[in-house]
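To start, the structure itself, in structure tokens.
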Amino acid sequence: MQPKPNIVHLPVYQPGKPVEDVKRELGLTEVIKLASNENPYGCSPKAKEAIARELENMSIYPDGAAVELTNALAKHHAVNPDQVIFGAGSDEIILMICRAFLQPGDETVMADQTFPQYKHNVTIENGKSIEVPLKEGTHDLYSMLERVNEKTKIVWICNPNNPTGTINTADEVEWFLSKVPGHVLVVLDEAYCEYVDDPSFPDGLKLLQKYPNVILLRTFSKIYGLASLRIGYGIGRPDVIRSINQVREPFNTSRMGQAAALAALQDEAFISFCREENRKGIAFLNRAFEELGLKAFPAHGNFIMVDVQRPGQDVFEALLRKGVIVRAGHQRYPTSVRITVCSQEQNEKVIAALTAVLQEIA
Ligand code: PMP
1199 MQPKPNIVHL
1209 PVYQPGKPVE
1219 DVKRELGLTE
1229 VIKLASNENP
1239 YGCSPKAKEA
1249 IARELENMSI
1259 YPDGAAVELT
1269 NALAKHHAVN
1279 PDQVIFGAGS
1289 DEIILMICRA
1299 FLQPGDETVM
1309 ADQTFPQYKH
1319 NVTIENGKSI
1329 EVPLKEGTHD
1339 LYSMLERVNE
1349 KTKIVWICNP
1359 NNPTGTINTA
1369 DEVEWFLSKV
1379 PGHVLVVLDE
1389 AYCEYVDDPS
1399 FPDGLKLLQK
1409 YPNVILLRTF
1419 SKIYGLASLR
1429 IGYGIGRPDV
1439 IRSINQVREP
1449 FNTSRMGQAA
1459 ALAALQDEAF
1469 ISFCREENRK
1479 GIAFLNRAFE
1489 ELGLKAFPAH
1499 GNFIMVDVQR
1509 PGQDVFEALL
1519 RKGVIVRAGH
1529 QRYPTSVRIT
1539 VCSQEQNEKV
1549 IAALTAVLQE
1559 IA
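Numbering (this note's numbering), first residue to last: 1199 to 1560.
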């Protein structure tokens, strides 16, 4: 049996190491996972109550079109329900966009380095990924525009960018949108936008009103703390959303996911709390990195990319032995690690572990 030639060399996704595996393998009782940008405060208690209520209905298929959640979310963002689509995480929206819009040989433009699922799904559809180096950690939109041509179907802009955590400003993104041809779908992946408090950050919904070739990607996995329930969404022009709907699996989001997201959306207090704690966490970590003589990219999401001035993989492994799981292995940033911002207590433990590790690997 032969798989499609374009997937033969495709890597299998490597998630951050699970906490339980590390505990077992290293005989540790406490392990902190800061590798997947999860919410250290869990999710809203209202979402937990909604999940408990749904336990009664496990034998019944979910509403594939997620009508109630769609209506609530449309109202929340002041858009029409036909502009909204849900996926099993925004990962699935990325997959569906590629499935709906790419033919073999089509080109898509993205940053190097950015969220790997864009290239992954483009490759599966036999498309071509044009990767444009980041400039000081942010998308070089000028150079990206230069790579757009008649074969370009999609441009991916990850804002804040994963793994660097940096942002492109409203002026930069708007400049790009005003220049890029209207036939190109511009994906603005805003998985971490709820954390951003920089006033220069673009309002994606406003951009969408002015530039209808934009689709926004958002998720309930990060600030809403529902990563395991796999709920992400796209907001775009009705015909774009319809095309994505046409390739959607019939029941792609679960009952529990829909119910939890609906409840989580109402709990503004939880979101404000998480945003505020994250802000304090970034300030604490930045101060600590400075004291350690390390340089970090300006962080706007719930993670920080810091240059540890040693092979990132070595630092990753040494931290792992101390029960701290971070992310290394970033091709363009071999001496950096990406660390999720956690609670104050956990952040302090991470800095203590990192301080020790930096002395070990001088
Ligand atoms: N986009 C970005 C930039 C991400 O970092 C992530 C999660 N790592 C996703 C999309 C996908 O998130 P989810 O599928 O959990 O919604």
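A virtual CB, placed ideally from N, CA and C, is assigned to each residue, including glycine.
Taking the DSSP output, what are the residues bridged to residue i?
i, result
"Glu1305", "Lys1326, Thr1350"
"Pro1331", "Asp1310"
"Gly1432", "Ile1283, Leu1415"
"Asp1164", "What is shown of the chain runs 1199 to 1560, which leaves residue 1164 out entirely."
"Arg1525", "Arg1536"
"Ile1292", "Partner(s): none; Ile1292 has no beta bridge."
"Thr1362", "None; Thr1362 has no bridge partner."
"Thr1336", "Lys1333"
Helix, strand or coil, according to DSSP, for residue i in the structure here?
i, result
"Ile1537", "strand"
"Phe1153", "Nothing about residue 1153 can be read from this structure; the chain reaches only from 1199 to 1560."
"Arg1446", "coil"
"Ala1494", "strand"
"Ile1559", "coil"
"Lys1408", "helix"
"Ile1549", "helix"
"Lys1231", "strand"
"Gln1212", "coil"
"Val1382", "coil"
"Val1394", "coil"
"Val1506", "coil"
"Glu1236", "coil"
"Gly1423", "coil"
"Leu1463", "helix"
"Asn1255", "helix"
"Leu1261", "This sequence places Asp at residue 1261; Leu is not what is there. Correct three-state label for Asp1261: coil."
"Thr1321", "helix"
"Met1454", "helix"
Can you tell me where the alpha helix (DSSP H) with residue i in it begins and where it stops?
i, result
"Asp1401", "Where Asp1401 is concerned, there is no enclosing alpha helix (DSSP H), given that its DSSP letter is neither H nor E."
"Tyr1340", "1339-1344"
"Arg1251", "1243-1252"
"Glu1266", "1265-1275"
"Ile1376", "As written in the sequence, residue 1376 is Ser, which differs from the Ile given in the question. Here the alpha helix (DSSP H) through Ser1376 covers 1368-1377."
"Val1206", "Looking at the DSSP string, Val1206 is not in any alpha helix (DSSP H), and its letter there is neither H nor E."
"Ser1470", "1466-1489"
"Arg1530", "Premise fails: Arg1530 is in no alpha helix (DSSP H) and is neither H nor E."
"Arg1519", "1510-1519"
"Val1220", "1217-1224"
What first and last residue would you give for the beta strand (DSSP E) that runs through residue i?
i, result
"Phe1284", "1282-1285"
Checking contacts by CB at 9 Å: is residue i closer than that to chain B?
i, result
"Ala1516", "In the structure shown, chain B does not exist; there is a single protein chain."
Closer than 8 Å: is that where the CB of residue i sits relative to any heavy atom of the ligand COA?
i, result
"Glu1546", "In terms of ligand content, the structure shown lacks the ligand COA and carries the ligand PMP instead."
Taking three-plus beta-carbon pairs below 8 Å as touching, is the segment 1515-1529 in contact with the segment 1230-1247?
yes
Quick one: any contact between the segment 1292-1300 and the segment 1493-1504, if contact means 3 or more CB pairs under 8 Å?
no
Check whether the segment 1457-1477 touches the segment 1235-1250, counting contact only when three or more Cβ pairs, one atom from each stretch, lie closer than 8 Å.
yes
So does the segment 1277-1290 actually touch the segment 1421-1434, counting three or more Cβ pairs closer than 8 Å?
The way I'd put it, the segment 1277-1290 does touch the segment 1421-1434; three or more beta-carbon pairs between them come closer than 8 Å.
Below 8 Å, how does it come out for the segment 1307-1317 and the segment 1351-1358: are there three or more Cβ pairs, yes or no?
Yes, the segment 1307-1317 touches the segment 1351-1358.
Is the segment 1308-1327 touching the segment 1356-1372 in the sense that three or more CB pairs, one from each, lie closer than 8 Å?
yes
Is it the case that the segment 1533-1552 contacts the segment 1482-1494, given that we only count it when at least three CB pairs across the two stretches are under 8 Å?
Touching, yes, given that three or more Cβ pairs across the two stretches are closer than 8 Å.
Under 8 Å, with one C-beta from each stretch per pair, do the segment 1379-1397 and the segment 1498-1509 reach the 3-pair mark?
Output reads yes: the segment 1498-1509 touches the segment 1379-1397.
Does the count of Cβ pairs from the segment 1396-1403 and the segment 1368-1376 closer than 8 Å reach three?
A contact exists between the segment 1396-1403 and the segment 1368-1376.
Three or more C-beta pairs closer than 8 Å, one from the segment 1437-1456 and one from the segment 1328-1343: is that the case here?
no
The segment 1403-1416 in contact with the segment 1372-1382 per 3-pair CB rule at 8 Å:
yes
Can we say the segment 1332-1345 touches the segment 1464-1480, given the rule of at least three CB pairs closer than 8 Å?
Taking 8 Å as the limit for Cβ pairs, the verdict is that the segment 1464-1480 does not touch the segment 1332-1345.
Taking 8 Å as the threshold, find out whether the segment 1433-1447 comes into contact with the segment 1413-1420 through three or more Cβ pairs.
Touching, yes.
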